[in-house]
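**Student:**
Number of protein chains: 2
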Amino acid sequence: MFDVTEFQARCRAAGLALTHQRQVIYQVLMQARGHPCPEVIYEKVRKRIPSISAGTVYKNIKTFLNAGLLCEVTLHHGTMRLETNVQPHHHLVCTGCRAIFDVDSNEVDEVQLRRKPPKGFLVNGYKIEFYGLCPGCRKRQ
Amino acid sequence: MFDVTEFQARCRAAGLALTHQRQVIYQVLMQARGHPCPEVIYEKVRKRIPSISAGTVYKNIKTFLNAGLLCEVTLHHGTMRLETNVQPHHHLVCTGCRAIFDVDSNEVDEVQLRRKPPKGFLVNGYKIEFYGLCPGCRKRQ
DNA sequence: CTACGTGCAAACCATTTGCGACACC
DNA sequence: GGTGTCGCAAATGGTTTGCACGTAG
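Residue numbers (this note's numbering), protein chains in the order written: chain A, 1 to 141; chain B, 1001 to 1141.
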């Protein structure tokens, strides 16, 4: 699951100091189910380091994003949804409670743009979001 | 482009009063290039109705969303990105400047989940987001 | 005339920033 | 020992809310 040695190595590779706070934040991120937002992370981290500040959590999340240790679920502005799964994959989103589930790349067919993208746009990849209702929200309706 | 009569009809159908503010907001939304956030809309509306308040714009955007006159680009929390194109379609997102372009459904292949979604999840549809760099951001790099 | 819509101002929440103190390397 | 990191607290930015007044139906 969480491998300190590997985390150390990755930090060193990125030129980042290996602080206790960072280890805990990363560990919490890895162990978090779903695709937590920074606030949730902050809450969980605070259980282990009560004195930690929100600023530190936000700063380190940004640092991890820059270092490629973390991914943002979408690129749109707003509340971040995070995941340590850096491998390309897709998402299944509940339109009711906005829960997010992972869908492996090999579970869906390859997609290709039939036409050329607009003048000069360079396409690097894509993500698919499937929408629907999770079991809980289905019952509630 | 903007058809007052149709807007009237849609408002009546949804049981909404036809106010001047609403007409201007909707018109601005329709004429807006890209996928504007509420703030941008607010700015543009304010040029025509300087006395309008941000609250009114936000309230009406919510109203339009409920009435199905408007779509949110993503379901994730945070800053809204809006579009009046209610037809299903996909997006091309610039990872540099976060600009969003539309991609018509018939420009990409149909996608199917190869495996069953998690226990009891009911899938209604999907959206594809292509990522890349727009011409402007390509130059800048 | 009455319910719905508007403007205003304050509140809210997530996130960012600046800075002095502290810890990793 | 010096740069990078932390904690704190204040600032910011987007969005929401409550309420008194105004207007569409």
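Idealized CB from N, CA, C, for every residue including glycine.
(1) If I'm right that leucine 122 of chain A touches arginine 1138 of chain B with Cβ under 8 Å, what's the distance once you round it to whole angstroms?
(2) Closer than 6 Å by C-beta to histidine 1076 of chain B: which residues in its own chain qualify, once you throw out the five before and the five after it? Chain order, please.
(3) Please list the partners that glutamine 112 of chain A has in chain B, where partner means a Cβ-to-Cβ separation under 9 Å.
(4) How should lysine 59 of chain A be labelled, buried or exposed, when 16 other C-beta atoms within 10 angstroms of its C-beta is the threshold for buried?
(5) Verify whether the separation of the beta carbon atoms of glutamine 1031 of chain B and phenylalanine 1007 of chain B is less than 9 Å.
(6) Rounded to the nearest angstrom, what separates threonine 1005 of chain B and leucine 1018 of chain B at their Cα positions?
(7) If you measure from the beta carbon of cysteine 1071 of chain B to each beta carbon in chain A, is any gap under 9 Å?
(8) CB of glutamate 39 of chain A to nearest heavy atom of the ligand ZN: below 8 Å?
(9) Quick one: which chain A residues come within Cβ less than 7 Å of arginine 1115 of chain B?
(10) Beta-carbon separation of histidine 90 of chain A and isoleucine 128 of chain A under 9 Å?
(11) With DSSP as the reference, identify every bridge partner of isoleucine 1052 of chain B, one or two as the case may be.
(12) So, helix, strand or coil for phenylalanine 1007 of chain B, using DSSP?
(13) For the beta strand (DSSP E) holding leucine 29 of chain A, just list the boundary residues, first then last.
(14) At a CB-CB cut-off below 7 Å, which residues of chain B make contact with tyrosine 126 of chain A?
(15) Once you ignore the five residues that flank tyrosine 42 of chain A on each side, which residues in its own chain have a CB closer than 7 Å to its CB?
(16) Helix, strand or coil for glycine 125 of chain A? Go by DSSP, reduced to three states.
(17) Just to confirm before moving on: does the CB-CB distance between alanine 14 of chain A and leucine 69 of chain A stay below 9 Å?
(18) Within 9 Å of any Cβ in chain B, is that where the Cβ of arginine 33 of chain A sits?
(19) Does DSSP put cysteine 1037 of chain B in a helix, a strand or coil?
(20) Taking only beta-carbon positions, decide if leucine 1075 of chain B is within less than 9 Å of chain A.
**Tutor:** So, from the data block:
(1) 6 Å
(2) Because the pLDDT at histidine 1076 of chain B is just 45, under 50, the model does not fix this residue reliably, and the value given afterwards should be weighed accordingly. If we look at histidine 1076 of chain B and ignore the five residues flanking it on each side, it has no Cβ neighbours.
(3) Val1108, Asp1109
(4) exposed
(5) no
(6) 11 Å
(7) no
(8) In the structure shown, the ligand ZN is absent, as is every other ligand, since no ligand is present at all.
(9) Glu107
(10) yes
(11) According to DSSP, which records beta bridges pairwise, isoleucine 1052 of chain B is partnered with nothing at all.
(12) helix
(13) It is not in any beta strand (DSSP E) - leucine 29 of chain A instead sits in the alpha helix (DSSP H) that spans 20 to 31.
(14) Ile1128, Glu1129, Phe1130, Tyr1131
(15) Ala54, Val57
(16) strand
(17) yes
(18) no
(19) coil
(20) For leucine 1075 of chain B, the predicted structure reports a pLDDT of 44, less than 50, and the residue's modelled location is therefore unreliable. The matter cannot be settled from this model.
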